[in-house]
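Number of protein chains: 2
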Amino acid sequence: MERYSKQRELILTALRNRKDHPTAEMLYNDISKIMPSIGIATVYRNLAALYESGQILKIETKQGESDRFDGNIKPHLHFQCLECNKIEDIFLNEEQNNQLNEQLKEFANIIDAEMATSKIVLKGRCKDCRDKKINL
Amino acid sequence: MERYSKQRELILTALRNRKDHPTAEMLYNDISKIMPSIGIATVYRNLAALYESGQILKIETKQGESDRFDGNIKPHLHFQCLECNKIEDIFLNEEQNNQLNEQLKEFANIIDAEMATSKIVLKGRCKDCRDKKINL
DNA sequence: GAAATAATGATAACGGTTATCATTTAAGGA
DNA sequence: TCCTTAAATGATAACCGTTATCATTATTTC
Numbered sequence: 035m036e037r038y039s040k041q042r043e044l045i046l047t048a049l050r051n052r053k054d055h056p057t058a059e060m061l062y063n064d065i066s067k068i069m070p071s072i073g074i075a076t077v078y079r080n081l082a083a084l085y086e087s088g089q090i091l092k093i094e095t096k097q098g099e100s101d102r103f104d105g106n107i108k109p110h111l112h113f114q115c116l117e118c119n120k121i122e123d124i125f126l127n128e129e130q131n132n133q134l135n136e137q138l139k140e141f142a143n144i145i146d147a148e149m150a151t152s153k154i155v156l157k158g159r160c161k162d163c164r165d166k167k168i169n170l
Numbered sequence: 035m036e037r038y039s040k041q042r043e044l045i046l047t048a049l050r051n052r053k054d055h056p057t058a059e060m061l062y063n064d065i066s067k068i069m070p071s072i073g074i075a076t077v078y079r080n081l082a083a084l085y086e087s088g089q090i091l092k093i094e095t096k097q098g099e100s101d102r103f104d105g106n107i108k109p110h111l112h113f114q115c116l117e118c119n120k121i122e123d124i125f126l127n128e129e130q131n132n133q134l135n136e137q138l139k140e141f142a143n144i145i146d147a148e149m150a151t152s153k154i155v156l157k158g159r160c161k162d163c164r165d166k167k168i169n170l
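In order, the protein sequence lines correspond to chains A and B.
Per the working numbering: the first sequence = residues 35 to 170.
Per the working numbering: the second sequence = residues 35 to 170.
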């Protein structure tokens with residue numbers, strides 16, 4: 035059975051305290067300041083467990099790039115800036131969310147499949163990078 | 035400058051001859067039958083080059099799972115079955131495609147970002163797996 | 001407390017991909 | 001056609017994020 039551990043609590047708190055989408059290693063660095071003895075494997079293990087139990091989100095990235103984690107489990111889209119690589123949240127209102135899901139389910143119906151979830155990452159240029167370009 | 039190579043031609047042809055979404059290794063296996071001397075690194079190198087020049091698509095998968103490649107560059111969505119892991123294409127008509135893109139661009143506007151591309155993977159149960167379940 | 005057994009920490013192993021480097025080969029003249 | 005040059009190749013080592021292993025520690029239950 036699942037058993038309480040100080041480490042898991044620290045990991046969940048550390049993730050919720052961040053407003054970005056940290057990697058396992060970033061969280062490990064944060065937590066090391068409080069509990070220097072923690073091992074990186076424990077961070078990975080607990081993030082996996084928290085993800086499987088639905089307490090956090092995981093943004094799977096491509097090979098060789100670390101996965102990102104998200105303490106905010108309200109459904110939302112992600113936007114990744116192609117210039118600075120930052121990942122931002124896009125929260126939709128319920129109406130927008132339902133409408134999008136309905137449309138995607140229809141698309142799945144085209145091939146007679148049942149959609150359960152979708153993974154959407156928008157890519158382009160974030161506000162900061164756009165503003166930076168203008169100032170050059 | 036870019037220079038012709040028999041290997042690159044074989045790789046592109048091998049990919050186009052498949053209707054699924056093979057991994058680099060699957061293509062390597064196919065091509066080895068014709069050119070046994072080819073090296074796996076050459077396959078990876080050329081797939082990367084073909085992707086960068088827009089001649090093929092790449093479906094980036096999660097860590098520890100091989101990337102998939104697609105010789106069909108007409109814009110389309112992907113559906114991955116959570117049971118059998120197969121990836122299928124979903125082709126939208128132009129109207130559906132434009133409508134979806136417009137909607138996604140609006141979502142990016144919420145955070146003042148400019149969307150260039152989107153990566154959408156629908157997940158759920160494919161037709162085959164659904165039919166299989168019914169027959170049990 | 002004591003026993004049972006999850007969870008941990010250190011580190012080796014893993015898997016897909018990329019880098020390295022000597023060798024081969026295509027391209028463009030002489 | 002031969003020569004030069006530099007891109008492409010093939011073999012393999014290295015890389016990097018992640019997972020497995022295993023002895024040790026710590027939480028739960030009695």
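All residues carry an ideal CB built from backbone N, CA and C; glycine is no exception.
For the stretch 145–162 of chain A, the residues whose beta carbon sits under 8 Å from a beta carbon of chain B are, in order, I145, D146, A147, E148, M149, A150, T151, S152, K153, I154, V155, L156, K157, G158, R159, C160, K161.
The beta carbon of S100/A lies closer than 6 Å to those of T57 in the same chain, with the five residues before and after it left out. Listed in chain order, the non-local C-beta contacts of P109/A below 8 Å within the same chain comprise L126, N131, local neighbours out to five positions each way being set aside.
Chain B has a Cβ within less than 8 Å of the Cβ of A142/A. Counting C-beta atoms within 10 angstroms of its own C-beta, L91/A has 16 or more neighbours from the protein chains shown and is therefore classed as buried. Here A75/A is exposed, its C-beta having fewer than 16 other C-beta atoms within 10 Å.
Taking every protein chain shown into account, the CB of D104/A has 16 or more other CB atoms within 10 angstroms, so this residue is buried.
The straight-line gap separating the alpha-carbon atoms of S152/B and L156/A is approximately 4 Å. Assignment of S66/A by DSSP, reduced to helix, strand and coil, places it in the helix class. Listed as beta-bridge partners of I121/B by DSSP are Q114/B.
At a Cβ-Cβ threshold of 8 Å, G88/A and I107/A count as neighbours.
Only residues of its own chain outside the window of five on either side were considered, and among them I72, I74, V77 have a CB closer than 8 Å to the CB of Y62/A, listed in chain order. For the stretch 88–113 of chain B, the residues whose beta carbon sits under 7 Å from a beta carbon of chain A are, in order, E94, K96, Q97, D101, L111, F113.
A distance below 6 Å between beta-carbons, with the five flanking residues on each side excluded, links E122/B to the following residues of its chain, in chain order: F113.
Contact annotation: in the stretch 53–66 of chain A, no residue has its CB less than 8 Å from a CB in chain B. In the structure shown, the three-state DSSP call for T47/B is helix.
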